[in-house]
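Going by our numbering, the first residue of the sequence shown is number 46, and it counts up by one from there. Virtual Cβ for every residue (Gly too), placed ideally from N, Cα, C. A quick write-up on the structure given underneath.
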Amino acid sequence: SGLANDLYKLRKSKEERMAESLNKTRLAMKDKQWSRFYKQAWFKCAVAFFLWLVFGCTFYSNWQGWRFWTAFYYMLQAGLSVGYGTPTEDEICTFGGPKSEQNEHLSDFVLGYINEPGNAYPGPA
Numbered sequence: 046s047g048l049a050n051d052l053y054k055l056r057k058s059k060e061e062r063m064a065e066s067l068n069k070t071r072l073a074m075k076d077k078q079w080s081r082f083y084k085q086a087w088f089k090c091a092v093a094f095f096l097w098l099v100f101g102c103t104f105y106s107n108w109q110g111w112r113f114w115t116a117f118y119y120m121l122q123a124g125l126s127v128g129y130g131t132p133t134e135d136e137i138c139t140f141g142g143p144k145s146e147q148n149e150h151l152s153d154f155v156l157g158y159i160n161e162p163g164n165a166y167p168g169p170a
């Protein structure tokens, strides 16, 4: 009974050590994946697009005098319309909202809402 009990304890401790080792390996792999996510292509593309969006919004808001959300919408549309042609600045700025059958698309409604007075970019105090 004493020998069987000792063998049981040894086997149990070996299983516990293996489980602990496996858990440490899993945690190390998880840390490795998250610590290097900045090296992956999707992250580099997301950062490049975000920077392009920020610089474009800053340019059109400050130097062209557009409202922030109009500049954001323009830069987003121009960035995501690869292969379809970019919208012109005149199309974005002169749109007045959904007033006829020609302007019944959701993007037209969004532009009309964005270009309404009162949706201006909050400037410095």
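Please go through the same chain and pick out, in chain order, the residues whose beta-carbon is closer than 8 angstroms to the beta-carbon of residue i, but skip the five residues on each side of it.
i      : result
Ser106 : Arg112, Phe113, Ala116 and Tyr166
Met120 : Trp97, Leu98, Gly101, Cys102 and Tyr105
Arg62  : none
Phe94  : Gly124
According to DSSP, is residue i helix, strand or coil?
i      : result
Gly168 : With a pLDDT of 47 at Gly168, under the threshold of 50, the predicted position of this residue should be treated as unreliable, and no value is reported.
Gly110 : coil
Lys85  : The sequence given here places Gln at residue 85; Lys does not occur at that position. Looking at Gln85 - three-state DSSP - the assignment turns out to be coil, as it is neither helix nor strand.
Ser222 : Lying before the first or after the last residue shown, residue 222 is absent from the chain, which here runs from 46 to 170.
Ser126 : coil
Gly142 : A caution first: Gly142 carries a pLDDT of 46, below 50, which makes its placement in the model too unreliable to give a value.
Asn148 : Legend: pLDDT at Asn148 = 49, less than 50; position of this residue unreliable, value from coordinates given subsequently. In the structure shown, Asn148 sits in a helix (DSSP, three-state: H, G or I).
Give me, in chain order, the residues of the same chain whose beta-carbon lies closer than 6 angstroms to that of residue i; leave out the 5 immediate sequence neighbours on both sides.
i     : result
Met74 : none
Could you name the residues of the same chain whose beta carbon sits closer than 7 angstroms to that of residue i, not counting the 5 residues immediately before and after it, in chain order?
i     : result
Thr70 : none
So that I know if they touch, is there some Cβ in chain C lying closer than 8 angstroms to that of residue i?
i     : result
Ala49 : Here there is only one protein chain, and chain C is not present.
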